[in-house]
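Colleague: Quick one: this structure, given as structure tokens, is what I'll be asking you about.
Numbering (my numbering), first residue to last: 411 to 629.
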């Protein structure tokens with residue numbers, strides 16, 4: 411280590427460097443899993459400390475997840491009329507959550523490696539929009555075929571397939587934008603953790619699904 415005049419003022423050993431790398435990696439992993447970080451080793455934490463490290467984010471995510479229930483409850487009349495719509499909600503939100511998580515992980519990594527910055531953000535948006543559109547189309551086709559094989563009406567298959575396409579497209583963009591927004595606001599992009607993006611996508615995905623269903627069913 412040298413000062414501003416290039417004079418030797420200290421030494422960073424390999425062991426110190428490895429310790430710092432391990433601490434940073436552990437912190438990133440915890441944040442991606444929505445866990446509060448701690449400097450103590452796992453077995454050195456008390457039971458209640460382990461609980462506290464997880465509880466805050468779990469409560470926040472639970473409250474966020476309840477928003478999905480409110481959306482479904484609000485659409486109860488539509489569900490009672492076309493019960494089969496409810497069969498495909500889990501697959502829809504799981505797919506959206508998975509896509510959003512992938513996009514978030516790629517973006518957080520890109521930011522950490524300084525591959526993503528304000529100079530190439532518009533190019534990244536275009537690329538991710540194309541990726542989301544292609545993935546949505548392919549997964550939507552799979553969803554349509556699945557509904558068809560279950561001998562549901564073709565209209566239900568179209569609704570499910572189109573909803574998957576839209577949700578995948580939106581989820582991919584959200585997974586990209588959220589880390590960038592956090593970075594812009596001077597927060598750690600890793601806070602856009604998998605549970606966080608999944609919870610957000612669940613709410614948006616269910617809402618979009620029922621809006622598409624209402625349009626096609628003229629409900």
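A virtual CB, placed ideally from N, CA and C, is assigned to each residue, including glycine. Predicted, not measured: the structure shown is a model, and the values here were computed from it.
For the putative contact between residue 542 and residue 583, defined by C-beta atoms under 8 Å, what is the C-beta separation to the nearest angstrom?
Modeller: Indexing the chain shown from 1 puts residue 542 at position 132. Indexing the chain shown from 1 puts residue 583 at position 173. Contact flag correct, Cβ pair sits at about 6 Å.
Colleague: Tell me the residue span of the alpha helix (DSSP H) that contains residue 464.
Modeller: Taking the chain shown and counting its residues from 1, the one referred to as residue 464 is at position 54. Note, residue 464: alpha helix (DSSP H), 457-484.
Colleague: Please classify residue 588: does DSSP put it in a helix, a strand, or coil?
Modeller: Here residue 588 corresponds to residue number 178 of the chain shown, with the count starting at 1. Here residue 588 sits in helix by DSSP.
Colleague: Can you tell me whether DSSP reads residue 412 as helix, strand or coil?
Modeller: Here residue 412 refers to the residue found at position 2 when the chain shown is read from its first residue. It is a strand residue.
Colleague: With three or more beta-carbon pairs closer than 8 Å as the criterion, would you say the segment 474-482 touches the segment 548-557?
Modeller: Touching, no, given that fewer than three Cβ pairs across the two stretches are closer than 8 Å.
Colleague: Is the Cβ-Cβ distance between residue 622 and residue 580 less than 8 Å?
Modeller: Translated into positions along the chain shown, residue 622 becomes position 212. Translated into positions along the chain shown, residue 580 becomes position 170. Not closer than 8 Å, so no.
Colleague: Grouping DSSP H, G and I as helix and E and B as strand, with all else coil, what is residue 418?
Modeller: Along the chain shown, one-based indexing puts residue 418 at 8. Of the three classes helix, strand and coil, the one that applies to residue 418 here is strand, per DSSP.
Colleague: Answer with buried or exposed for residue 527, where buried requires no fewer than 16 other C-beta atoms within 10 angstroms of its C-beta.
Modeller: On the chain shown, position 117 is the one that residue 527 refers to. Exposed is the call here.
Colleague: Apart from the five residues just before and just after residue 562, which ones in its own chain have a Cβ nearer than 7 Å to its Cβ?
Modeller: Residue 562 sits at position 152 when you count from the first residue of the chain shown. Cβ within range, chain order: 494.
Colleague: Using 8 Å as the Cβ pair cut-off and three pairs as the minimum, do the segment 499-508 and the segment 604-617 touch?
Modeller: Verdict: yes, contact present.
Colleague: Going by beta carbon distance, what residues of the same chain come within less than 6 Å of residue 570, once the five residues before and after it are set aside?
Modeller: What you label residue 570 is simply residue 160 of the chain shown in a count that begins at 1. Once the five neighbours on either side are set aside, the close Cβ partners of residue 570 are 498, 553, 557.
Colleague: Thinking C-beta only, is residue 503 closer than 8 Å to residue 496?
Modeller: The residue labelled residue 496 in the question sits at position 86 within the chain shown. The residue labelled residue 503 in the question sits at position 93 within the chain shown. Not in contact: residue 496 and residue 503 (Cβ atoms no closer than 8 Å).
Colleague: For the segment 588-599 and the segment 456-474, state whether three or more C-beta atom pairs, one from each stretch, are separated by less than 8 Å.
Modeller: With the cut-off at 8 Å, the segment 588-599 and the segment 456-474 do not touch.
Colleague: Leaving out five residues on either side along the sequence, give the residues of the same chain with a beta carbon under 6 Å from the beta carbon of residue 627.
Modeller: Locating residue 627 in the chain shown gives position 217, where the first residue counts as 1. Cβ within range, chain order: n/a, list empty.
Colleague: Considering just the uninterrupted stretch of the alpha helix (DSSP H) at residue 519, what are its terminal residues?
Modeller: Mapped onto the chain shown, residue 519 falls at position 109. Start and end: 499-522.
Colleague: Out of curiosity, what's the CA-to-CA distance linking residue 485 and residue 513?
Modeller: Position 75 of the chain shown, counted from the first residue, corresponds to residue 485. Position 103 of the chain shown, counted from the first residue, corresponds to residue 513. C-alpha separation (whole angstroms): 29 Å.
Colleague: Out of 625, 593, 540, 560, state which residue places its alpha-carbon closest to the alpha-carbon of residue 572.
Modeller: Looking up residue 572 in the chain shown gives position 162. Cα-wise, what sits closest to residue 572 is 625.
Colleague: Among the residues of its own chain, which have a CB less than 8 Å from the CB of residue 578, if the five just before and after it don't count?
Modeller: Here residue 578 refers to the residue found at position 168 when the chain shown is read from its first residue. Excluding sequence neighbours, residue 578 sits near 505, 506, 509, 542, 545, 546, 549, 550.
Colleague: Can you say whether residue 629 is buried or exposed, counting buried as having 16 or more other CB atoms within 10 angstroms of its CB?
Modeller: On the chain shown, position 219 is the one that residue 629 refers to. Answer is exposed; the Cβ neighbour count stays below 16.
Colleague: Mind reading off the beta-carbon distance from residue 475 to residue 612? Whole number of angstroms is fine, and I expect it under 8 Å.
Modeller: One-based indexing of the chain shown puts residue 475 at position 65. One-based indexing of the chain shown puts residue 612 at position 202. Contact holds; Cβ gap of about 7 Å.
Colleague: Measure the beta-carbon distance from residue 593 to residue 521 and round it to whole angstroms, keeping in mind my assumption that it falls under 8 Å.
Modeller: Taking the first residue of the chain shown as 1, we reach residue 593 at position 183. Taking the first residue of the chain shown as 1, we reach residue 521 at position 111. Between residue 521 and residue 593 the Cβ distance is about 6 Å, and since that is below 8 Å, they are a contact.
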